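Residue numbers (our numbering): 189 to 467.
Quick notes on the structure that follows.
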Amino acid sequence: MEQLDYEILLARQSDKFKALWSAVRAANPDANLPDYDVAMLETDPPVIVNEAESYRELLMRQRVNEAAVARLLAFATFGNLDHLAAFYDVVRMAGEKDDRLKRRVILAIQGRSPGGTEARYASIAMDADIRVRDAIVYTVGRSPVINVAIFSDAADGVADAALISAVNAALQAGDKRMVNDTIIVRTAVRRVIDLVANVWLLPDTSTGLLSTMETTLRDAWAKTQSLGRDFTERWWTARLMLEGVHKVEPVTPVGDVIVPPDEALAIGAVTLNFKGRAF
Numbered sequence: 189m190e191q192l193d194y195e196i197l198l199a200r201q202s203d204k205f206k207a208l209w210s211a212v213r214a215a216n217p218d219a220n221l222p223d224y225d226v227a228m229l230e231t232d233p234p235v236i237v238n239e240a241e242s243y244r245e246l247l248m249r250q251r252v253n254e255a256a257v258a259r260l261l262a263f264a265t266f267g268n269l270d271h272l273a274a275f276y277d278v279v280r281m282a283g284e285k286d287d288r289l290k291r292r293v294i295l296a297i298q299g300r301s302p303g304g305t306e307a308r309y310a311s312i313a314m315d316a317d318i319r320v321r322d323a324i325v326y327t328v329g330r331s332p333v334i335n336v337a338i339f340s341d342a343a344d345g346v347a348d349a350a351l352i353s354a355v356n357a358a359l360q361a362g363d364k365r366m367v368n369d370t371i372i373v374r375t376a377v378r379r380v381i382d383l384v385a386n387v388w389l390l391p392d393t394s395t396g397l398l399s400t401m402e403t404t405l406r407d408a409w410a411k412t413q414s415l416g417r418d419f420t421e422r423w424w425t426a427r428l429m430l431e432g433v434h435k436v437e438p439v440t441p442v443g444d445v446i447v448p449p450d451e452a453l454a455i456g457a458v459t460l461n462f463k464g465r466a467f
């Protein structure tokens, strides 16, 4: 995108005006027109006109920039995104947010091959139901079985039986599945752990920070959560160390939680025990 600068536009506009004014003076020597003084006051009409015209040009060119950016998938939102998605035969589902729709568009592009590629099966899974937050396609070792792990939009990410059934039906459809492919659909999250920690706050910190600490931890894990991602003690206690927190002491679990490569872990109940204040 072109970088716009009002001062550059104004300087160019002023130079253009001075050149035109000089040409008018030269063409009309008998009119006794004065030379243009660039040091005239801000109330001088040419100065006002030049500033107004430069600002108008800035707004117009900025609008062109915005229109161009709106046609790029990474930046498109709302209706613009809907039109881009339609080009790839992807239609926004009821209640679907922009980030999820973009993910489906990318998968649709990557999965255009008629073969059973990872992106194609992930695209089919996400198209199956709005409740699918993400789908990870993988195989284990040299096994030909294709596993599709589903993250739901539930708070813990667990995909229930109805959702798994809907995704499985979509993937097993005759016009979707490769004839020689064996597909198994399951929930990605197969373990939910509760967390307990003792917390000491700084003397001037409100206990209301405790709820913010929990929200911050859950949001961070939602962005990090994936198959085989271990839940380490150092990671989750560090996410609780917000400004105003003196110390966090883990109670449950103690140590790292090791997660198998084909599973994902979700956070269950979070209990933060306020133990007092300290420096």
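By construction, the Cβ of each residue, glycine as well, lies at the ideal position given by its N, Cα and C atoms.
This structure is a prediction, so every number in the text was calculated from the model and none was measured.
| request: For aspartate 203, count neighbouring C-beta atoms within 10 Å of its own C-beta (all shown protein chains included) and say buried if the count is 16 or more, exposed if not. | output: Taking all protein chains shown into account, aspartate 203 has fewer than 16 neighbouring C-beta atoms within 10 Å of its C-beta and is therefore exposed.
| task | Have a look at the DSSP bridge pairing and note the partners of leucine 383. | result | Note: leucine 383 sits in a beta bridge opposite Val458.
| request: Compute the Euclidean distance between the alpha carbons of isoleucine 196 and valine 212, then round it to the nearest angstrom. | output: When the Cα atoms are used, isoleucine 196 and valine 212 turn out to be separated by approximately 24 Å.
| message | Short of 6 Å in beta carbon distance, which residues of its chain neighbour asparagine 335, apart from the five on each side in sequence? Order them along the chain. | response | In its chain, beyond the 5 residues on either side, Tyr326, Ile372 have a beta carbon closer than 6 Å to the beta carbon of asparagine 335.
| request: Could you please give the first and the last residue of the uninterrupted alpha helix (DSSP H) stretch that includes alanine 337? | output: Under the DSSP assignment, alanine 337 falls outside any alpha helix (DSSP H), being part of the beta strand (DSSP E) whose first and last residues are 334 to 340.
| field | Beta carbon of phenylalanine 337 nearer than 9 Å to that of leucine 415 | value | Looking at the sequence itself, residue 337 is alanine, so the reference to phenylalanine does not match. Yes. Within cutoff.
| So alanine 313 and alanine 376 are in contact, right, with Cβ under 8 Å, and what is the actual spacing, rounded? | Your pair alanine 313 and alanine 376 does not check out as a contact, with CB atoms roughly 11 Å apart and the cut at 8 Å.
| query | In the structure shown, what three-state DSSP assignment does proline 217 receive? | reply | Helix at proline 217.
| query | Comparing alpha-carbon positions, which option in Val237, Leu289, Leu390 lies nearest glycine 432? | reply | With respect to the C-alpha of glycine 432, the residue from Val237, Leu289, Leu390 having the closest C-alpha is Leu390.
| said: Quick check: the Cα distance between glycine 304 and aspartate 341, rounded to an integer number of angstroms? | reply: Distance between the alpha carbons of glycine 304 and aspartate 341 is about 25 Å.
| Is phenylalanine 275 helix, strand or coil when you go by DSSP? | In the structure shown, the three-state DSSP call for phenylalanine 275 is helix.
| query | Since valine 447 and phenylalanine 419 are thought to touch, with beta carbons under 8 Å apart, how far apart are those beta carbons, to the nearest angstrom? | reply | Correct: roughly 7 Å between the Cβ atoms.
| Hey, would you say leucine 192 sits closer than 9 Å to arginine 259, going by beta carbons? | With respect to the 9 Å criterion, leucine 192 and arginine 259 are not classified as neighbours on the basis of their beta carbons.
| message | Using a Cβ-Cβ cutoff of less than 7 Å, which residues in the same chain neighbour aspartate 392 once the five nearest sequence positions on both sides are dropped? | response | For aspartate 392, where only same-chain residues beyond five positions count, there are no Cβ hits under 7 Å.
| Should valine 380 and glycine 443 be called a contact, given that it needs their Cβ atoms to be closer than 9 Å? | Contact flag unset, no.
| request: Using the DSSP secondary-structure output, state which residues sit across from aspartate 287 in a beta bridge. | output: Aspartate 287 is not bridged to any residue.
| query | In whole angstroms, what is the alpha-carbon distance linking alanine 354 and isoleucine 294? | reply | If you take the alpha carbons of alanine 354 and isoleucine 294, they lie about 22 Å apart.
| said: So, with DSSP's three-state summary, where would you put leucine 260? | reply: If DSSP states are grouped into helix, strand and coil, leucine 260 belongs with coil.
| Got a sec? Which residues, its chain only, sit under 7 Å from aspartate 369 by beta carbon, not counting five neighbours each side? | Answer for aspartate 369: Gly304, Ile334, listed in chain order.
| leucine 460 to alanine 426 span [Cα, whole Å] | Each residue's Cα considered, the two are about 14 Å apart.
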